[in-house]
Amino acid sequence: MRNKNDKQLVVGLDIGTSKVVAIVGEYEPGEPIEIIGIGTHVSRGMKRGSVVDIESTVHSIQRAVEEAELMAGCDIRSVYASISGSHLETRNSHGTAAIRDREVMAADLEQVLEAASAVAIPADRKVLYKESQEYRIDGQDGIRHPVGMSGVRLEASVHLVTGAASAVQNISKCIQRCGLSVDELVPAAVASAKAVLTEDELELGVCLVDIGAGTTDIAIYTQGAIRHTKSLPVGGDQVTNDIAYGVHTPTAHAEEIKIKYACALAQLAHAEETIQVPSVGDRPPRRLARQALAQSVQARYEEIFEMVQDELRRSGYESLVAAGIVLTGGASRMEGALELAEEIFHKMVRIGVPQHVSGLGDVVSSELHSTGVGLLLHGSRSSGASRNTSSAAGNVGSVVEKFRSWFTKNF
Ligand SMILES: Nc1ncnc2c1ncn2[C@@H]1O[C@H](COP(=O)(O)OP(=O)(O)OP(=O)(O)O)[C@@H](O)[C@H]1O
Ligand SMILES: [Mg+2]
1 MRNKNDKQLV VGLDIGTSKV VAIVGEYEPG EPIEIIGIGT HVSRGMKRGS VVDIESTVHS
61 IQRAVEEAEL MAGCDIRSVY ASISGSHLET RNSHGTAAIR DREVMAADLE QVLEAASAVA
121 IPADRKVLYK ESQEYRIDGQ DGIRHPVGMS GVRLEASVHL VTGAASAVQN ISKCIQRCGL
181 SVDELVPAAV ASAKAVLTED ELELGVCLVD IGAGTTDIAI YTQGAIRHTK SLPVGGDQVT
241 NDIAYGVHTP TAHAEEIKIK YACALAQLAH AEETIQVPSV GDRPPRRLAR QALAQSVQAR
301 YEEIFEMVQD ELRRSGYESL VAAGIVLTGG ASRMEGALEL AEEIFHKMVR IGVPQHVSGL
361 GDVVSSELHS TGVGLLLHGS RSSGASRNTS SAAGNVGSVV EKFRSWFTKN F
């Protein structure tokens, strides 16, 4: 039997516009991650993926992390966190490095990634994420796993995501104010893609679309590598606002009506179906045709999908995503969203939920948790690599260990 203490622990913190989720996973290299704790709290300090209220965001993170700690029976010290918002920009870059011992090691990969990231960017922006696409050794290209290969010159093409320095600082500040350190900030779309996409899709070419409350995050992959990412400032919140303004009802009721009765294809609602809508103030409730509700929701979803399609065209990869579109995120749960997306994109569409995890897998097997689970998967792969190169300690300590060290210090 495996000893629990020998296992690595990793924490994903998804700071979304509608909710903050902390997920704790436990794993042994090469084995699926087991989810051992999850904490979630409503998020009020974020708008369209960016921090607009530090105190409120700190509070939400604290609550989510405390709940996850309690369930997992551990003390969380550092997290892989999501970042989103229209300030994110991407570019593909290229780097070269000498292979020090004539055989590629993890340190050479680090070096070539660093070289590719040394691009000229304005002072108010910073590179926050980098992921290799392909390697080339002494002119031989198309290499995906260069470690162990012989050669003298290593080249890499790398996907870089940059962000506005202030937005990056704000999100880091919120996490640090909770006494946590940031292992890495990962774009939400990249994290979600790691949780929901299959190897075949990555290989064939696919566009991942995570429709959240405040942002719609896109990640495009072809030939097994990331090619393009984008965060659009649209999402489910706008659908809720349309309903609130359209039928003159408070936002909380509009959200409830949306989840219970709305659909993104007007033809799915019968003409004679009606629903009861609470009014503002002490006016009496009214009845509304469900089809009228569906028409307004459909118009907003059409707009979101058309924005995604424009981005897909602009990226130049539209004809290369043979595996089609994978929708995820809370707003992808809307009835009729998949069918509407098929009509607009003229491609295969499926709804993706997190895979590749066990333990509380059922709890996180929801479109809402794609980013959180993806952060864990990314963290487990990165920390595995860093353990080989440095003495990186686990990011979670057991309560017993913490108590023991406190006891030793104080008595
Ligand atoms: N069953 C459902 N039908 C329609 N919409 C839904 C459903 N469940 C959740 N949503 C919507 O999904 C959105 C929340 O999704 P999610 O939790 O993925 O967002 P988030 O990660 O907090 O935000 P973001 O990623 O934009 O920062 C809300 O707008 C909510 O109304
Ligand atoms: Mg999200």
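For the sequence shown, the UniProt record's numbering assigns the number 1 to the initial residue and increments by one for each residue that follows. For glycine and all other residues, C-beta sits at the position ideal for the given N, C-alpha and C.
Residue i classed as buried or exposed, judged by whether at least 16 other C-beta atoms fall within 10 angstroms
{"i": "Gly329", "result": "buried"}
{"i": "His270", "result": "exposed"}
{"i": "Gly16", "result": "buried"}
{"i": "residue 413", "result": "There is no way to answer for residue 413, as the model of the chain reaches only from 1 to 411."}
{"i": "Thr96", "result": "exposed"}
{"i": "Arg346", "result": "Note that residue 346 corresponds to His in the displayed sequence, not to Arg. Exposed, since its Cβ has fewer than 16 Cβ neighbours within 10 Å."}
{"i": "Tyr221", "result": "buried"}
{"i": "Tyr181", "result": "Correcting the residue identity first, residue 181 is Ser in this sequence and not Tyr. Ser181 is exposed by the Cβ-count criterion."}
{"i": "Ser43", "result": "buried"}
{"i": "Tyr27", "result": "buried"}
{"i": "Tyr135", "result": "buried"}
{"i": "Pro284", "result": "exposed"}
{"i": "Lys260", "result": "exposed"}
{"i": "Gly25", "result": "buried"}
{"i": "Leu293", "result": "buried"}
{"i": "Gly73", "result": "exposed"}
{"i": "Ala98", "result": "exposed"}
{"i": "Glu273", "result": "exposed"}
{"i": "Leu13", "result": "buried"}
{"i": "Glu401", "result": "Because the pLDDT at Glu401 is just 46, under 50, the model does not fix this residue reliably, and the point stays unresolved."}
{"i": "Leu312", "result": "buried"}
{"i": "Glu103", "result": "exposed"}
{"i": "Glu367", "result": "buried"}
{"i": "Glu69", "result": "buried"}
{"i": "Gln8", "result": "buried"}
{"i": "Val112", "result": "buried"}
{"i": "His145", "result": "exposed"}
{"i": "Ala167", "result": "buried"}
{"i": "Asp200", "result": "exposed"}
{"i": "Val363", "result": "exposed"}
{"i": "Gln133", "result": "buried"}
{"i": "Gly316", "result": "exposed"}
{"i": "Ser386", "result": "For Ser386, the predicted structure reports a pLDDT of 35, less than 50, and the residue's modelled location is therefore unreliable. A value from the coordinates is still provided. Exposed is the call here."}
Bridge partner(s) assigned by DSSP for residue i
{"i": "Ser150", "result": "Glu103"}
{"i": "Gly49", "result": "Gly49 pairs with nothing; no bridge assigned."}
{"i": "Gly359", "result": "Ile35"}
{"i": "Asn92", "result": "His159"}
{"i": "Gln8", "result": "Tyr27"}
{"i": "Lys19", "result": "Val42"}
{"i": "Ser78", "result": "Ser181"}
{"i": "Thr57", "result": "According to DSSP, which records beta bridges pairwise, Thr57 is partnered with nothing at all."}
{"i": "Thr274", "result": "Ala289"}
{"i": "Leu375", "result": "Paired residues: none, contrary to the question."}
{"i": "residue 439", "result": "Here the chain covers residues 1 to 411 and nothing more, so residue 439 does not appear."}
{"i": "Val349", "result": "Ile325"}
{"i": "Gln295", "result": "The partner list for Gln295 (beta bridge, DSSP) is empty, contrary to what the question assumes."}
{"i": "Val127", "result": "Thr162"}
{"i": "Arg136", "result": "Glu155"}
{"i": "Leu13", "result": "Ala22 and Ala81"}
{"i": "Asp217", "result": "Asp210 and Ser231"}
{"i": "Ala97", "result": "Leu154"}
{"i": "Ile143", "result": "Tyr135"}
If contact is defined by three or more beta carbon pairs under 8 Å, each pair taking one atom from either stretch, is the region 79-95 in contact with the region 154-165? yes
Does the region 368-378 come close enough to the region 238-258 that 3 or more CB-CB pairs lie under 8 Å? no
Can you pull every residue whose C-beta falls closer than 5 Å to some heavy atom of ligand 1, listed in chain order? Gly16, Thr17, Ser18, Lys19, Gly49, Gly212, Ala213, Gly214, Thr215, Gly235, Gly236, Ile259, Gly329, Gly330, Ala331, Arg333, Met334 and Leu368
Spell out a yes or no on whether the region 169-188 and the region 140-159 are touching, meaning 3 or more CB-CB pairs, one atom from each, closer than 8 Å. no
Would you be able to state if there are at least three C-beta pairs under 8 Å between the region 75-87 and the region 183-195? yes
Contained beta strand (DSSP E) runs [length at least 3] in the region 173-212, N- to C-terminal order: 181-187 and 206-211
Whole alpha helix (DSSP H) runs in the region 223-270 with 4 or more residues, listed along the chain? 236-247 and 251-261
Would you call the region 205-217 in contact with the region 317-334, where contact means no fewer than 3 C-beta pairs closer than 8 Å? yes
Just list the beta strand (DSSP E) runs in the region 297-329, keeping only unbroken ones of 3 residues or longer that don't cross its boundaries, in chain order. 325-328
Is the number of C-beta pairs between the region 120-127 and the region 40-59 that are closer than 8 Å three or more? no
Report yes or no: do three or more beta-carbon pairs, one from the region 138-153 and one from the region 54-70, lie closer than 8 Å? no
Check whether the region 336-345 and the region 300-319 touch, using three or more Cβ-Cβ pairs below 8 Å as the test. yes
Is the number of C-beta pairs between the region 306-325 and the region 355-365 that are closer than 8 Å three or more? no
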